[in-house]
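With the sequence shown counted from 1, adding 320 to any position gets you this note's numbering.
Glycine included, each C-beta is placed from N, C-alpha and C at the ideal position.
Model, not experiment: these values are computed from the prediction.
Written below as structure tokens is the structure these notes are about.
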Amino acid sequence: MRIVATSPLHPEAEDLLRQTHDYVAAPDPRPETLRDWIGAADGIIVRSKLPPDIFDAAPRLKACVRHGVGLDFIPVEAATAKGIPVANLLEANRQGVVEYVVGAALSLARDFTGLDRRLRRDGWQARDGYHGVELAGRTLGVVGCGRIGRGVADAMRAAFGMRVIGYDTAPPRPGDMIEQVSLRAVFEQADVITLHLPSTAETRDLIGADLLSRMRPGALLVNAARGDLVNEAALVAGLAQGRPAAAAIDVFRTEPPEADHPFLTAPNLLLTPHIAGGTQESLLRMSLQSAEAMLRILQGQRPDSLVNPSVWDQHLKRLGAAP
């Protein structure tokens, strides 16, 4: 069968796929390119956003695997309507994102990037007026208490003894170490707020001017989840007013951002190009696990994380396998 990746995988994963199938990577992730390459594909591994009508151009497609966790890159409802199983990876990049959030919070609290710029520009007098803060004993607010949010909570509690409060749409778990509060309470009480919600109709622009204005003096914001969780204009205005005092942003509403994007000139803003989960280790895990999930689906074996289980029996019949 032919397997297409929207961009190249780790060489070990590509070798694994080529052992039993015809594997290729699309030359670029533009919608028109993906439509051409997926037309004869039996499986697609997704590393970039698919156009909403992509499955209309893929009559042979039998499997779609997300190289990561977030499903906003895949029109899942359209896949389900076509009977195409969709799988994602729940754990592959968790540690990378957790470490990114911890590192970003530390960098903001101690103003490492600002100090670096001032030292290069002004010399040793960059020390004048410097007032970094410690995270020990402060309050962490986790918005989205899934695997990654809980990983950040565990790390920050263990390293700095932080009190952890959180907001999630799911009910709290028995014995939960995260104190569940309202979203408004998170922004009013936390010294560091980290976002870990998916992009949905309910969460887009969830973080706007009202919530940002409620942040404590000196409070910090980290977004390594999805760019459209935060109203970008409200964040730029909030940074100018000190609410938040500083922010770290790894994700943008449109990626890559335009050359004149206001984040690029906003004060007290640490920017990275959507690499929070992109460590050497996690990229290898994601590539291998996405390849393994693809092989399982094409062999009629249920993957570890099947997003649309309602299509599975239909998929098995299509493969000619017994349900």
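Alpha-carbon spacing of residue i relative to residue j, whole angstroms
i    : j    : result
R622 : P582 : 45 Å
A456 : V484 : 12 Å
V627 : R546 : 19 Å
K637 : G598 : 37 Å
A554 : D570 : 17 Å
G538 : A490 : 29 Å
R380 : V389 : 25 Å
A478 : L549 : 28 Å
G471 : Q415 : 8 Å
E612 : S533 : 46 Å
Q339 : R524 : 42 Å
T520 : L526 : 10 Å
V421 : L591 : 12 Å
P643 : S625 : Note that P643 scores a pLDDT of 44, beneath 50, so its modelled location is shaky; the value from the coordinates is reported in the next line. When rounded, the distance between both Cα atoms is 18 Å.
R437 : S427 : 13 Å
S630 : C384 : 15 Å
R355 : L370 : 9 Å
E601 : V501 : 34 Å
M497 : G481 : 12 Å
D442 : P577 : 30 Å
L435 : P593 : 21 Å
L503 : C465 : 12 Å
For residue j and residue i, believed in contact at Cβ under 8 Å, the rounded distance
i    : j    : result
Y487 : V463 : 5 Å
R386 : V366 : 5 Å
T459 : A510 : 5 Å
A567 : L589 : 6 Å
M535 : F507 : 5 Å
I374 : P395 : 7 Å
M606 : G363 : Wrong, their Cβ atoms sit about 16 Å apart, outside the cutoff.
P564 : L531 : Actually they do not touch by this definition, with Cβ atoms about 10 Å apart.
L410 : R467 : 6 Å
Identified DSSP bridge partners for residue i
i    : result
T459 : R483
Q600 : None, per the DSSP bridge assignment.
Y420 : Paired residues: none, contrary to the question.
G359 : In DSSP, G359 forms no bridge with anything.
E499 : I485
V385 : I365 and A407
I306 : Outside the shown range of the chain (321 to 643) lies residue 306, about which nothing can therefore be said.
V344 : V324
N543 : L515 and I569
L591 : I569
L626 : A407
8 Å Cβ cutoff met for residue i and residue j
i    : j    : result
N413 : L391 : no
L333 : S610 : According to the sequence shown, residue 333 is Ala rather than Leu. For A333 and S610, yes; Cβs fall inside 8 Å.
A377 : G359 : yes
P368 : T433 : In the sequence on display, residue 368 carries Ser and not Pro. No; because the gap between Cβ atoms is not below 8 Å, this pair is not in contact.
L608 : H330 : yes
A345 : T353 : no
L439 : A446 : yes
A586 : L559 : yes
G449 : D431 : no
A557 : A529 : yes
G469 : H516 : yes
I323 : L336 : no
Exposure of residue i, with buried meaning 16 or more beta-carbon neighbours within 10 Å
i    : result
W357 : buried
Y343 : buried
I595 : exposed
D348 : exposed
E552 : buried
I361 : In the sequence under discussion, the amino acid at residue 361 is Ala, which differs from the Ile named in the question. By the neighbour-count rule (16 or more Cβ atoms within 10 Å), A361 is buried.
A473 : buried
A401 : exposed
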